[in-house]
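Have a look at the structure below, then the notes.
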Amino acid sequence: MTDLQVCSFNVRKIISSVLILLLYPTIVSCGCTCEVEDLKHDKGEALKYKLGSILSILVAGAIGVGLPLLGKKIKALSPENDIFFMIKAFAAGVILATGFIHILPDAFDNLTSPCLAQNPWGDFPFTGFVAMMTAIGTLMVDTFATGFYKRMHFNKSKPANTTDEETAEEHEGHVHVHTHATHGHAHGSASPEEDLALSELIRRRIISQVLELGIVVHSIIIGISLGASGSPKTIKPLMAALSFHQFFEGMGLGGCITLAQFKSTSMAIMATFFSLTTPVGIAVGIGISSIYNESSPTARVVEGVFNAASAGILIYMALVDLLAADFMSPRMQSNLRIQLGANVSLLLGAGCMSFLAKWA
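Printed below as a string of structure tokens:
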């Protein structure tokens, strides 16, 4: 072998060694991305924290959603009070941060995981697409449902066309007509002010129901994830973060339910359903923890799609139905003190919920 060949061989060997050193960490990381994180698992201790999470989250959610519902008895929490605007803005900030900071990044992580096949998951941004389509779908449901209930109610409330005209007397060539409608003597259709108030009430009822749907979808997913986890180090911060999370989300939902003026039974059912969703999700997670693998492609796809859908619903509801509706209302526009307080409350709510992302 000549000196030139030896030199060329050595150069190739050096280059190969450098490439191996540079690419080895990448190869290792790609090979390990789909593996379950190596955490210390203690099933007995983990179960204690899971049961504690059920109780903690149940109580926090019940208190959060129940406080606004007590507005009829506690004057400070009444929707007519200025403080209620601040509370509602804070809760809207929490819901907005939940969608942007907590749910959407998780959906991106799940649907862009290297564990999933490149085609189709790596070739198209499904997370943004699902969130966008869900937000559009929420808008459509909001619009069509509102229109349906308005048409249904106003068609029923129209007075009958048949009238009894009684010519009681004539004075100076004028005829006084007495009309008998559906509700007795001289009653016609509702005034424009009453129609507007009814339209607003219908819209608030739809808002509260759609908002609860979006919160429930996310609550089920996060509850199952917590219940299926076997690591106390993962469960402890989640328990605290989710308790605060449920409390503030409950306040936002409770405020919407209060403004919707449902019957007491309906309010109690909606509040109970919200309070139980995450604890039931945790219980389901505990039940399937032995067979559930959160790193499997199927689990990642299901969680990613549901999280993206939930994020789309919550972001739309927070921006359009909660914030825009209140911040553009005549009452807030005419009162600088309420405007400043609501803006500060919004930033505090979004900031507090964003800060919790450090742990969960």
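Counted the way mature numbering (1 follows the signal peptide of the UniProt record, and there is no 0) counts, the sequence shown spans residues -30 to -1, 1 to 330. Built from N, CA and C at the ideal position, the CB exists for glycine as well.
Note the first and the last residue of the continuous alpha helix (DSSP H) segment covering residue i.
i, result
"Y286", "267 to 286"
"F232", "No alpha helix (DSSP H) contains F232, which DSSP labels as neither H nor E."
"F78", "74 to 81"
"V290", "V290 -> no alpha helix (DSSP H), and no H or E assigned at all."
"S23", "13 to 39"
"L306", "306 to 325"
"Q88", "That residue, Q88, is in no alpha helix (DSSP H); it is neither H nor E in DSSP."
"K58", "52 to 67"
"P300", "300 to 303"
From residue i to residue j, what distance separates their C-alpha atoms?
i, j, result
"I57", "K120", "29 Å"
"G22", "S213", "11 Å"
"V64", "G184", "14 Å"
"A211", "R175", "29 Å"
"A30", "F243", "14 Å"
"G319", "G200", "31 Å"
"L28", "G251", "11 Å"
"I71", "F99", "17 Å"
"I194", "D291", "29 Å"
"Q309", "M122", "36 Å"
"Y262", "K13", "15 Å"
"I192", "T68", "12 Å"
"S299", "L66", "19 Å"
"D93", "I239", "43 Å"
"P267", "A327", "24 Å"
"P84", "A295", "41 Å"
"S324", "R307", "26 Å"
"L86", "M103", "22 Å"
"E15", "S260", "16 Å"
"R301", "I177", "20 Å"
"N89", "M110", "31 Å"
"A288", "F297", "12 Å"
"F118", "K233", "21 Å"
"P95", "L284", "20 Å"
"A101", "W91", "15 Å"
Thinking residue i and residue j are a contact (beta carbons under 8 Å), I'd like their distance in whole angstroms, please.
i, j, result
"residue 340", "Y286", "This structure leaves residue 340 out entirely; the chain is present only between -30 and 330."
"Y19", "I258", "No, Y19 and I258 are not in contact; Cβ-Cβ is about 17 Å, not under 8 Å."
"S280", "V187", "4 Å"
"I24", "A253", "7 Å"
"Q231", "L181", "So it is not a contact: roughly 16 Å between Cβ atoms."
"T116", "R173", "5 Å"
Identify, in the order they occur along the chain, each residue of the same chain with its Cβ nearer than 6 Å to the Cβ of residue i, setting aside the five sequence neighbours on each side.
i, result
"N80", "R270, E273, G274"
"N313", "none"
"D76", "N277"
"A105", "G282, Y286"
"F78", "T97"
"L316", "A59, G63"
"R311", "It should be pointed out that residue 311 corresponds to Gly in this sequence rather than to Arg. Closer than 6 Å at Cβ, skipping near neighbours: M56."
"C322", "none"
Within a Cβ cutoff of 7 Å, which residues of the same chain sit near residue i, ignoring the five residues on either side of it in sequence?
i, result
"S236", "none"
"Q216", "I27, A30, G31, G34, T248"
"A61", "F218, M221, G222, G225, G319"
"Q179", "none"
"S245", "L28, G31, A32, V35"
"S169", "K120"
Exposed or buried, residue i, counting other C-beta atoms within 10 Å across all chains shown (16 or more means buried)?
i, result
"Q303", "exposed"
"T113", "exposed"
"I190", "buried"
"E135", "Below a pLDDT of 50, predicted positions are generally treated as unreliable, and E135, at 44, falls in that range; the measurement from the model is reported next regardless. So E135 ends up on the exposed side."
"I73", "buried"
"A167", "exposed"
"A241", "buried"
Mind checking whether the beta-carbon of residue i lies closer than 7 Å to any heavy atom of the ligand NAP?
i, result
"T104", "This structure lacks the ligand NAP; in fact it carries no ligand of any kind."
Counting only the same chain and skipping the five closest in sequence on each side, list residues whose C-beta sits under 8 Å from that of residue i.
i, result
"residue 347", "For the chain, the structure presents residues -30 to 330; residue 347 sits outside this window and is missing."
"N305", "D52"
"L293", "A59, A62, L66, L316"
"H141", "Because H141 sits at a pLDDT of 45, beneath the cut-off of 50, its placement in the model cannot be relied upon, and the point is left open."
Using beta carbons (cut-off 8 Å, strictly below), is residue i in contact with chain D?
i, result
"A59", "Within the model displayed, chain D is absent; a lone protein chain is all it includes."
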